[in-house]
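S.K.: There's a structure below that I have some questions on.
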Amino acid sequence: MDMPRPYVPVPEPLDRADHDDRADLDGEHDEPVHPTGSGGRHRLMVPEPAPLTEHGPARIIAVANQKGGVGKTTSTINLGAALAEYGRRVLLVDFDPQGALSIGLGVQAHELDTTVYNLLMERGVEVDDVIKKTGVAGLDLLPSNIDLSAAEVQLVTEVGREQALGRAIKPVLDRYDVVLIDCQPSLGLLTINALACADQILIPLACEFFSLRGVALLMDTIEKVQDRLNPDLTILGILATMFDPRTLHTREVRQRVIEAFGDLVFEATINRTVRFPETTVAGEPITTWAPQSNGAEAYRLLAREVIAR
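Here the working numbering is used: the sequence shown runs in plain steps of one and ends on residue 301.
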């Protein structure tokens, strides 16, 4: 399947003088920001979705970027919680051996008897044996911990190793509306598994200098998965994260992302804020920890955009 690749401009280093408008970043910046791009891009009004009368089968969305620290886990948790607020039944899959998604929902590694690793590698373990309820109605979790790192090695000798995750979660897809897979920050076998079973990929992209450099590599991987494993895989959208409107640098990077990818870039933009680290400590999404915050509203907007697409 051929996918036209947009030109991805890499921002040049800014002159020292360009940083003069940089404010002190130690404090919180949680102002509502709706930057607009050039070329007639304007803020979109996305209405609240209609309630569902029935559920399933699930749309599988892989949240992936081989660069770490771009907000994959934060976005998976909070997008899932926002979708659940809109009446969608959501399954979150923690597919990163670091287990950050599970920790972010208050599940500690030592509390887990079974994880995604057991589901993939042990006979007789069913997906329902591993699924855990969260504190958010309609939001369930397939947890993970460091054991999952062994699966990447052990799966190498398995027949159909790239489809292991898809086979494992297939029995419950009719019960959910959305499955969100939090991928590890690499393009290894676990991430390939996620892309092989996904309908769409959501790419969080930090508004930082080096972020655009990795996009071309990710596009190569997506094309290979389309050609060899999953011809129906499409890009759902690109989510700008770590945005701080006080700095020229982040504004410039976001603008170049819009110029490169156009309507693939979500209107929702995730700002830097101290709220997100607080939610990790609290073990719950920002939509319940700080429901009136701009961070929560940004993820609700993202959820509406995802449903609309």
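Note that CB positions come from ideal geometry on N, CA and C, so glycine has one too.
#1: Considering only their Cβ atoms, is the gap separating Leu231 from Ser67 smaller than 8 Å?
#2: How about Leu303 and Arg153: do their beta carbons lie closer than 8 Å?
#3: Between which two residues does the beta strand (DSSP E) containing Asn263 stretch?
#4: Output the distance between the C-alpha atoms of Asp121 and Ile173, rounded to the nearest integer angstrom.
#5: Please state whether the Cβ-Cβ distance between Leu293 and Val38 is less than 8 Å.
#6: Name the DSSP beta bridge partners of Asp86, please?
#7: Using a Cβ-Cβ cut-off of 8 Å (strictly less than) and excluding sequence neighbours within five positions of Leu44, which residues of its own chain qualify?
#8: Less than 8 Å between C-beta atoms, sequence neighbours within five positions excluded: which residues of the same chain meet that for Glu150?
#9: Helix, strand or coil for Phe268? Go by DSSP, reduced to three states.
#10: Can you list, in chain order, the residues of its chain with a C-beta nearer than 7 Å to that of Gln146? Leave out the 5 residues immediately preceding and following it.
#11: Just mark Pro223 as buried or exposed, buried being the case when its beta carbon has 16 or more other beta carbons within 10 Å.
#12: Within 8 Å, do at least three Cβ pairs link the segment 208 to 225 to the segment 240 to 255?
#13: Considering only residues of the segment 173 to 220, which uninterrupted alpha helix (DSSP H) runs meet the minimum length of 4 residues and lie entirely inside it, listed in chain order?
#14: Got a sec: does the ligand SAM put a non-hydrogen atom nearer than 7 Å to the Cβ of Lys64?
#15: Does the Cβ of Lys59 have 16 or more other Cβ atoms within 10 Å, making it buried, or fewer, making it exposed?
#16: Using three-state DSSP, classify Ala282 as helix, strand or coil.
#17: Going residue by residue through the segment 88 to 167, where are the continuous beta strand (DSSP E) segments of at least 3 residues, counting only ones entirely within it?
#18: What three-state label does DSSP hand Thr233 in the structure shown?
#19: Looking at C-beta atoms only, is the number of pairs between the segment 89 to 108 and the segment 249 to 256 that lie closer than 8 Å three or more?
#20: If we ignore side chains and look at the alpha-carbon of each, how far apart do Gly48 and Leu165 end up?
#21: According to DSSP, Ala54 sits in a beta bridge with which residue or residues?
#22: Start and end of the alpha helix (DSSP H) containing Arg80?
#23: Kindly identify the DSSP beta-bridge partner or partners of Ile69.
#24: Leaving aside the five residues before and after Leu75 along the sequence, list all residues of the same chain whose C-beta is less than 6 Å from its C-beta, in chain order.
#25: Determine, using beta carbons only, whether Arg264 and Met234 come nearer to each other than 8 Å.
#26: Going straight from the alpha carbon of Asp139 to that of Arg115, what length do you get?
M.R.: If we stick to the structure as given:
#1: yes
#2: Look at the range of the chain in this structure, -7 to 301, and you will see that residue 303 is not part of it.
#3: Val257 to Asn263
#4: 18 Å
#5: Leu293 is a Cβ neighbour of Val38, given a cutoff of 8 Å.
#6: DSSP lists Asp174 as partners of Asp86.
#7: Gly79, Arg80 and Asp169
#8: Ala156
#9: helix
#10: Met113
#11: Exposed is the call here.
#12: no
#13: Counting only runs of 4 or more residues that sit fully inside the segment 173 to 220, the alpha helix (DSSP H) segments are 181 to 189 and 207 to 220, in chain order.
#14: Inclusion of the ligand SAM in the displayed structure is not the case, the ligand content being empty and no account of it being possible.
#15: With 16 or more neighbouring CB atoms inside 10 Å of its own CB, Lys59 falls in the buried class.
#16: Ala282 falls in the coil class under three-state DSSP.
#17: Counting only runs of at least 3 residues, the segment 88 to 167 fully encloses the following beta strand (DSSP E) elements, listed from N- to C-terminal order: 131 to 134.
#18: strand
#19: no
#20: 7 Å
#21: Ile173 and Ile193
#22: Where Arg80 is concerned, there is no enclosing alpha helix (DSSP H), given that its DSSP letter is neither H nor E.
#23: According to DSSP, which records beta bridges pairwise, Ile69 is partnered with nothing at all.
#24: Val82, Val170 and Ala295
#25: yes
#26: 16 Å
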